[in-house]
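Student: Going by numbering that gives the first Met the number 0, the sequence shown opens with residue 0, and the numbers climb by one from there. I'd like to ask you about the structure that follows.
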Amino acid sequence: MNEELKALAAQFPPDKPLYAVGGCVRDELLGREVYDIDLTSACLQEQAESFALKAGMRVSLGSKRLGTVIIKGKSSYEYTPFRVDSYPAGSGVHKPAQVRFTQDIQEDARRRDFTVNALYRNVSTGETVDLLGGVEDLKNRLLRAVDDPMRVLGEDGLRIMRLYRFVSTLGFDAEEETERAACAKSPLLNDIAPERIRVELDKLLEGEHVGKALRGLVKCGAMQVILPEFCENTGVKQNPAYHRYDVDEHIIKTVEFAPARVRLAALLHDIGKGRCVKEDGNMYRHAEVGAQMAEEIMTRLRYPKAEIKRTVRLVALHMTDMRGDMRECKLRRFIADNADIVDDLTDLIIADAKATCDNADIDKCLRIKRLRDKMAQEGVPFSVGELAVNGRDVAEFGYSGEQVGRVLKELFALTLTGEKKNDRKALLAVLEKRNNHD
Ligand code: ATP
Ligand code: MG
Numbered sequence: 000m001n002e003e004l005k006a007l008a009a010q011f012p013p014d015k016p017l018y019a020v021g022g023c024v025r026d027e028l029l030g031r032e033v034y035d036i037d038l039t040s041a042c043l044q045e046q047a048e049s050f051a052l053k054a055g056m057r058v059s060l061g062s063k064r065l066g067t068v069i070i071k072g073k074s075s076y077e078y079t080p081f082r083v084d085s086y087p088a089g090s091g092v093h094k095p096a097q098v099r100f101t102q103d104i105q106e107d108a109r110r111r112d113f114t115v116n117a118l119y120r121n122v123s124t125g126e127t128v129d130l131l132g133g134v135e136d137l138k139n140r141l142l143r144a145v146d147d148p149m150r151v152l153g154e155d156g157l158r159i160m161r162l163y164r165f166v167s168t169l170g171f172d173a174e175e176e177t178e179r180a181a182c183a184k185s186p187l188l189n190d191i192a193p194e195r196i197r198v199e200l201d202k203l204l205e206g207e208h209v210g211k212a213l214r215g216l217v218k219c220g221a222m223q224v225i226l227p228e229f230c231e232n233t234g235v236k237q238n239p240a241y242h243r244y245d246v247d248e249h250i251i252k253t254v255e256f257a258p259a260r261v262r263l264a265a266l267l268h269d270i271g272k273g274r275c276v277k278e279d280g281n282m283y284r285h286a287e288v289g290a291q292m293a294e295e296i297m298t299r300l301r302y303p304k305a306e307i308k309r310t311v312r313l314v315a316l317h318m319t320d321m322r323g324d325m326r327e328c329k330l331r332r333f334i335a336d337n338a339d340i341v342d343d344l345t346d347l348i349i350a351d352a353k354a355t356c357d358n359a360d361i362d363k364c365l366r367i368k369r370l371r372d373k374m375a376q377e378g379v380p381f382s383v384g385e386l387a388v389n390g391r392d393v394a395e396f397g398y399s400g401e402q403v404g405r406v407l408k409e410l411f412a413l414t415l416t417g418e419k420k421n422d423r424k425a426l427l428a429v430l431e432k433r434n435n436h437d
């Protein structure tokens, strides 16, 4: 534990010691990097606040209802007193209806989700307090509900998302009874705010064991609630001449092969295949249909607009130059139009290829990126704004209004293909010549 935390802990009375709790204790025991430290003890909000001030730290009060205090020193910590949460029966909403503070650490442990998240570390002594067998479960790499799993997962539907988020980041298995409860309670995810689901989904997608987690979501029925469109692809067959897997498994494999930055695009890239097969009897329109579905899904899950736009473009464009035979001048235009996503698109195309068959031609997947690098080396402009001449230059030759834009576009096309260098003199000469012809 760091020095400022020890100084803070020294302010707490010996019979009500300060503990670090939850993810930070779990991750430290696993030898993983610790991001943020949550604190707790039997002391109430106001007491914790005064101890923090005495220790020379800054505080801001969080929720009065939950008793939280944000304590700031060199790092920032979230303090919550031991408490018991009660939830309205059978609703599954994330927010507890009633909160009661308690002196009993055992009660606090039982309001948490999984035993590996109910581990405490006494900040002063460094002792680990394990009331529910969390250390044993860490060893066995198991995610087990802190109490009757039907109660734990039935109280707060978000815990099902958290379960598979930890499957993804830690690679642990859901313990059998806990998994069974996740299956029984997955409809409760309907009661969870979409932005909360999005936050968990994003964290899940970043995990090293993301494939295992996605298969878990499908198996317990949560996928059907949060992303029913994915389930339209279950068991949908693909041409065995190219594909090793049905669409659903191919999508999951693509996500596994993709770097974190493009995993959501990977999850959505073929989402339209099942629907296309149903409606058209083939998959020709799947990128276009998939892009439309991706937009609906991401809007529903309240993703930021810019992220929706970028991801939808990746889905729409993931089949670009599939066979590696697109004419170079056309591909140059494509690159100029999409320079901002060429790297992401390449990563998606590579992941897609790897998830299709074992001997994917990665070299072919790199064609777009390679041509982009070549264009950059040639000094080719990627937009009209990067041309060595501007609208004023064009106007000097007697063009006005819309004509100026049209002429600039023509010049841009000439430089893009390498036919003309992006050089002021060369472009003025083109204008000169063009003028003589007009
Ligand atoms: P990380 O910080 O790596 O995202 P974490 O386990 O620390 O993971 P937090 O959201 O920081 O998760 O929550 C801290 C602790 O609070 C958890 O370890 C868990 O004990 C408890 N907790 C958080 N969310 C819930 C929940 N929905 N239901 C029950 N307990 C929860
Ligand atoms: Mg945490």
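Positions of the beta carbon are idealized from the N, C-alpha and C atoms, including for glycine.
Go ahead and label Lys63 buried or exposed: buried means 16 or more other beta carbons lie within 10 angstroms of its beta carbon, across all protein chains shown.
Tutor: The residue you call residue 63 lines up with position 64 of the sequence shown. By the neighbour-count rule (16 or more Cβ atoms within 10 Å), Lys63 is not buried but exposed.
Student: Quick one: Cα of His249 to Cα of Lys308, how far?
Tutor: Here the question's residue 249 lines up with position 250 in the sequence shown. Here the question's residue 308 lines up with position 309 in the sequence shown. If you take the alpha carbons of His249 and Lys308, they lie about 24 angstroms apart.
Student: So which of Gly390, Ala352, Ala315, Leu330 has the shortest CA-CA distance to Arg369?
Tutor: The residue given as residue 369 occupies position 370 in the sequence shown. That would be Leu330, whose Cα lies nearest to the Cα of Arg369.
Student: How about Arg99 and Arg120: are their beta carbons less than 8 angstroms apart?
Tutor: Along the sequence shown, read from residue 1 onward, the residue named residue 99 stands at position 100. Along the sequence shown, read from residue 1 onward, the residue named residue 120 stands at position 121. Contact: no.
Student: Taking 7 angstroms as the cut-off, is the C-beta of Gly22 nearer than that to any heavy atom in the ligand ATP?
Tutor: As a working note, residue 22 is residue 23 in the sequence shown. Yes, the beta carbon of Gly22 sits closer than 7 angstroms to at least one heavy atom of the ligand ATP.
Student: Round the Cβ separation of Ala212 and Val122 to the nearest angstrom and send it over; I've been treating them as touching at under 8 angstroms.
Tutor: Numbered from its first residue, the sequence shown carries residue 212 at position 213. Numbered from its first residue, the sequence shown carries residue 122 at position 123. With a Cβ gap of about 32 angstroms, Ala212 and Val122 do not count as contacting.
Student: Could you tell me the boundaries of the beta strand (DSSP E) in which Val98 lies?
Tutor: Numbered from 1 along the sequence shown, position 99 holds the residue referred to as residue 98. Where Val98 is concerned, the enclosing beta strand (DSSP E) stretches over 97-100.
Student: Just to confirm, does Asp112 get its C-beta within under 7 angstroms of one of the non-hydrogen atoms of the ligand MG?
Tutor: As a working note, residue 112 is residue 113 in the sequence shown. No, the beta carbon of Asp112 sits no closer than 7 angstroms to any heavy atom of the ligand MG.
Student: Between the alpha carbons of Pro258 and Gly215, how many angstroms are there, rounded?
Tutor: Here residue 258 refers to the residue found at position 259 when the sequence shown is read from its first residue. Here residue 215 refers to the residue found at position 216 when the sequence shown is read from its first residue. Computed Cα separation, rounded: 20 angstroms.
Student: Name the DSSP bridge partner or partners of Arg120?
Tutor: Within the sequence shown, the letter at position 121 stands for residue 120. According to DSSP, Arg120 bridges with Ala19, Thr127.
Student: If contacts are defined as beta-carbon pairs under 8 angstroms, then Val341 and Ile367 qualify, I think. What distance do you get, rounded to the angstrom?
Tutor: Taking the sequence shown and counting its residues from 1, the one referred to as residue 341 is at position 342. Taking the sequence shown and counting its residues from 1, the one referred to as residue 367 is at position 368. 6 angstroms between Cβ atoms; contact.
Student: Report yes if the C-beta of Tyr34 is less than 7 angstroms from at least one heavy atom of the ligand ATP; otherwise report no.
Tutor: Residue numbering aside, residue 34 sits at position 35 when the sequence shown is read from its first letter. Answer for Tyr34: yes, Cβ within range of the ligand ATP.
Student: Would you mind sorting Gly378 into buried or exposed? The rule is 16 or more other CB atoms within 10 Å of its CB.
Tutor: Locating residue 378 in the sequence shown gives position 379, counting from the first residue. Looking at its Cβ environment, which holds fewer than 16 other Cβ atoms inside 10 Å, Gly378 is exposed.
Student: Below 7 angstroms CB to CB, which residues in the same chain sit around Ile349 once its five sequence neighbours on both sides are set aside?
Tutor: Taking the sequence shown and counting its residues from 1, one reaches residue 349 at position 350. Excluding sequence neighbours, Ile349 sits near Ile361, Cys364.
Student: How is Phe381 classed by DSSP in three states: helix, strand or coil?
Tutor: Along the sequence shown, read from residue 1 onward, the residue named residue 381 stands at position 382. Three-state result, Phe381: coil.
Student: Can you check whether the CB of Val429 is closer than 8 angstroms to the CB of Leu413?
Tutor: Locating residue 413 in the sequence shown gives position 414, counting from the first residue. Locating residue 429 in the sequence shown gives position 430, counting from the first residue. Yes, the pair counts as a contact, with Cβ atoms nearer than the cut-off.
Student: In chain order, what residues of the same chain have a beta carbon less than 6 angstroms from the beta carbon of Gly156, not counting five sequence neighbours either side?
Tutor: Reading the sequence shown from its first residue, position 157 is the one you call residue 156. Gly91, Leu187, Leu188, Asp190, Ile191, listed in sequence order.
Student: Less than 8 angstroms between the CB atoms is what I'm expecting for Ala180 and Met149, so what's the real figure, rounded?
Tutor: The residue you call residue 180 lines up with position 181 of the sequence shown. The residue you call residue 149 lines up with position 150 of the sequence shown. At roughly 5 angstroms, the Cβ-Cβ gap stays under 8 angstroms, so Ala180 and Met149 are in contact.
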